[in-house]
Amino acid sequence: MLDKEQQLVASMRGIAIDSINEAKGGHLGMAIGAANITYALLGKEMIFSQQDPKWMNKDRFILSAGHGSMSYYSIMHFLGLLSIEDMKSHKKLHSKTPGHPEIEMFEHVDASTGPLGQGIAMGVGMAIGQKYLQEKYNKDNYEIFNHKVFVLHGDGCLQEGVSLEAIQLAGTLNLKDLILIHDYNGIQIDSETKDVNNIDFLSYFQSNNFNVFDVERDKPKLIIDAIQKAKNSDKPSYIRVHTTIAKYAPNEGTPKGHNGVLNSEQTVEFKTKLGLKNTIPFEYSKNVYAYGKELLDQKEFEYNKWLKMFNQYKKNFPNEYNELVKLQNNEHVKYNFSDVIFEETNKATRNYFVPIMKKIEEQYPFILGGSADLAGATKIKFSKEIKDGGQYIKYGIREFAMVAINNGIMLATNMKTISSTFLVFADYEKAGLRLGSLMSLPGIHVFTHDSYGVGGDGPSHQPFDQLPMLRAMHNMKVIRPCDESEVRLAFEYALNQRNVQTSIIGCRQNIKSFNKIEHFTPAYVIQGDNKFDISLLATGSEVSLAVETANELREKYNISAQVVSVLLLQDLVKNNKLANELGLNKKPMFAIEASSDSMWYQLSKFNKIDAHLAEGFGYSTSGEEVFRVKGFTKENISKKVVDFLNENN
C-alpha cells in the first residue's frame, strides 16, 4: 500500500508517460527519473501562489534541463495548476505544456529553457537581482525579499561552458539564495557520463565557495532535508541527488532511456511497477488530487502571510511600496536623456556612453549591468558595485554568462540590464541573445570596437561579420550611431523598449560630430538637399566617410549626392513611407558599411542599389591602413559610385 506521498510521486510518473505517449514522443528519462526531486522541491519546499503567479517574492524555479519538462508539468498538474487537457496537449500548438518550458505558454514558468546550461546562468542572474532588491527594500522586521532561486539541472548542463562561467561568479558574489539541484543519473544520450566527464563536482563546487550536499538515495525525505539545509546556508548551495534515468521503464539506467514512448503493454507494466491500481491513461485517484490541494493550500497560506506583512510595509514605507508595485507591474518608465551634456565632440562614439551611464546611475536605479572585463574600453560601468548595493556587475571574462545572467535579472525583477564587450565577441553571446529574444526580454547590449578601425590587435579582433548575425535575430534591433546625438537617441530608444532587445554599436576611433537629429528615426538625411543624383547610405563611423565621398563627388565629378545616416537598417528596409520621404525611390542608392551585411540589398525594392561593404578578415596594422587596403576611402568609393551611375543611366 502506497502512502499519500508515494502515491503522488507514482501518479506524477504515470501521467508523465501518458502525456509523452499522447504526444507520440518525449523525454521520458528525466520526467520519471527526477520525479522525487520535483515533488520534494515544487510540492513541498517551494513557495509560490496561484493567486499571483508573478508574485515578487515567490521562490523561483528554473528547469535548466528543459527537456525534462514533464517532470515539472506533472507536479504542477497535481497541485491544480495545469488541467488534464493541458497534460493531454503536451507538444501541441499553443498548449501550456510545450516540449520545453516557455514563459509565454504557462504563467508559472519562470524562465524558458532548452539549451543546456543557460538555466544555471539565468538562476545566477535571478539571485543577483534578488540581492539588489533586498539591499534596497528590505527593512527591519520587513523581509520583502527572502525567496530562494532553485535550478534543477542535469549532467549535460555542467558540460556547457556557460554554466561553469556563471557558477564561478555565483561563488565569488556569495549568492546564498541560489540553490542548484543536480539530477545525477550518470547517463546522457550517447553514453554514460563517465565516458566524457570525470570531474568531482562536490570538490569543484566547494572550491567555488558553494556548500555541497550529496543525497545518495533518491528519497523525498532525504532530498527535503538537503533543501532545508541549503535554505539556511550562508553560501550558494549545490545538491547532488543520485537518480536513475527512466526509472521502472524498459530502458531504465541506459542512454536509450533518455527519450521515447512506451507501448500500451509497456505502459501497463510500468504503472504496475509503480504500484498504481488504475492503469487507464490520465485516470488517477481523487486522493492524489486532494493531497496536491493540501500542498498548494500551504503555499497560499505563506503567500497570504507575506501579503499581510507587505500591506503593513505600505503604511510605514509608502514610497518604497509604490516603487515595488510599479516594478512588479512592469509599469513603463519614460527614459529621457535630453539633458545629458557631452563636453567633447568629434570623439569615438563609445566615449559618449560615459555621461549616459552617469545619468542612468543618478536617475534610474532599476538598471543593472557592466562589462565582460572591458569597462575601461566599452565605457559601460557604474561607480558602485552590486556587492555593495550598487548597479555595477563585474561579470569577468564571461560574455555568454553575462547575457544569460542578465536574462535572469530581467525575468525575476522586471529591471533593465546593460551588457558590454567588443563586437567581435558577440559570437560568444549568440545563444544567450537568442534565448533573450525568444523570451521577448528588453536587454541592452553594447558592443564597441566595431570594425577594421580596431587596428593593431589584428583580424581576430576586427569584426565584420557580426552585424549580419545580430540584425538577423528576431526581436533584436541594432543601432550603430555616428555621433553623440545619435548615441543619446540610441539609449533612449533601447531603454524605452518593453519586449525587444537592442544592440548599440560603438566605434573605437574618433569620428566627426554632425548633431543633425533631435528625435529618433531609423534614417535621416544628414547632408544634402532635394536635388540629388544618388543617395549615399551609411552607419556609424562610415557616415563621415559618406560625407567625404559626397563632397568628392560634387567637387570632382559634378555629381550631387545626399547622405543618409541609417541608425536602424532593420526598420528602414520595411518602412516604405520613410524610404519615400527620404527620396530613396527617386534615385539610385549606394551603401557604405564596414560589415558584410547583405541586408542593404533589401532596399532594392525602392530603387537600384550597390554597396561597398567589408570583405574578409583584416590585418594587424593601424585601423586607417586596414580601411585603406579594404577600399574604404573617398577616392575608391567615389569611383565605384560613378561607375554604378554610368552603368545604370
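15 is the number of the first residue of the sequence shown in this note's numbering; add one for each residue after it.
No residue lacks a Cβ here, since even glycine has one placed at the ideal position from N, Cα and C.
These figures come from a predicted structure and were not determined experimentally.
Apart from the 5 residues on each side of it in sequence, E19 sits with its Cβ closer than 7 Å to the Cβ of P234 in its chain, given in chain order. Assignment of R568 by DSSP, reduced to helix, strand and coil, places it in the helix class. Within the same chain, F351, V354, V501, R502, F505 come within 8 Å of I370 by CB-CB distance, once the 5 residues on both sides are set aside. Under the DSSP assignment, I98 falls in the alpha helix (DSSP H) whose first and last residues are 98-102. Rounded to whole angstroms, G410 and Y146 show a C-alpha spacing of 19 Å. For the options K162, E358, G469, the alpha carbon positioned closest to that of D124 is the one of K162.
Here G422 is not near Y406, since their CB atoms are 7 Å or more apart.
Excluding its 5 nearest sequence neighbours in each direction, G637 has C-beta neighbours in its own chain below 7 Å: Y466, G467, V468, G469, Q523, listed in chain order. When rounded, the separation of the alpha-carbon atoms in G520 and I158 is 39 Å. In this structure, K291 sits away from Y262, with a CB-CB distance that is not shorter than 7 Å.
Leaving aside the five residues that flank N301 on each side, the residues in its chain whose CB is nearer than 8 Å to its CB run, in chain order, K18, Q21.
Here DSSP, grouped into helix, strand and coil, assigns T435 to strand. Under the Cβ criterion (8 Å, minimum of three pairs), the stretch 53-64 counts as touching the stretch 86-99.
Judged by their CB atoms, S609 and F436 are not nearer to each other than the 7 Å cut-off. In the three-state scheme derived from DSSP, where H, G and I count as helix and E and B as strand, R27 is classed as helix.
Annotated as distal: L596 and N621, with beta-carbon spacing of 7 Å or more. N225 is bridged by DSSP to S251. The C-alpha of D209 is placed about 10 Å away from the C-alpha of I201. Taking 7 Å as the cut-off, the beta carbon of G457 is found no closer than this to the beta carbon of A418.
Take the alpha-carbon of Y571 and the one of Y366: they are about 36 Å apart. Counting C-beta atoms within 10 angstroms of its own C-beta, R364 has 16 or more neighbours from the protein chains shown and is therefore classed as buried.
Assigned with DSSP and collapsed to three states, D441 falls in helix. Between the stretch 74-89 and the stretch 167-180 there are three or more C-beta pairs closer than 8 Å, enough to call the two in contact. By the Cβ criterion, the stretch 474-488 is not in contact with the stretch 527-547, since fewer than three pairs of Cβ atoms, one from each stretch, lie closer than 8 Å.
Of the residues K591, L42, N211, the one whose Cα lies closest to the Cα of K270 is L42. The beta carbon of A593 is closer than 6 Å to those of F620 in its chain, skipping five residues each way along the sequence. Straight-line spacing of the CA atoms in V165 and A625 works out to 49 Å.
In this structure, the alpha-carbon of G630 lies about 11 Å from that of V640. In this structure, the straight-line span from the alpha carbon of M136 to that of R494 is close to 28 Å.
The stretch 100-116 makes contact with the stretch 23-43: 3 or more CB pairs, one atom from each, lie closer than 8 Å. Residue environment: E358 is assigned as exposed (fewer than 16 neighbouring CB atoms within 10 Å of its CB, all protein chains considered).
Taking all protein chains in view, the Cβ of F315 is surrounded by fewer than 16 other Cβ atoms within 10 Å, so the residue is classified as exposed. C496 has its alpha-carbon roughly 21 Å from the corresponding atom of I374. Residue state for D624 is assigned as strand, using DSSP reduced to three classes. Closest in alpha carbon position to Q576, among D585, V561, L582, N589, is V561.
Rounded to whole angstroms, the separation of the alpha carbons of L551 and P67 is 48 Å.
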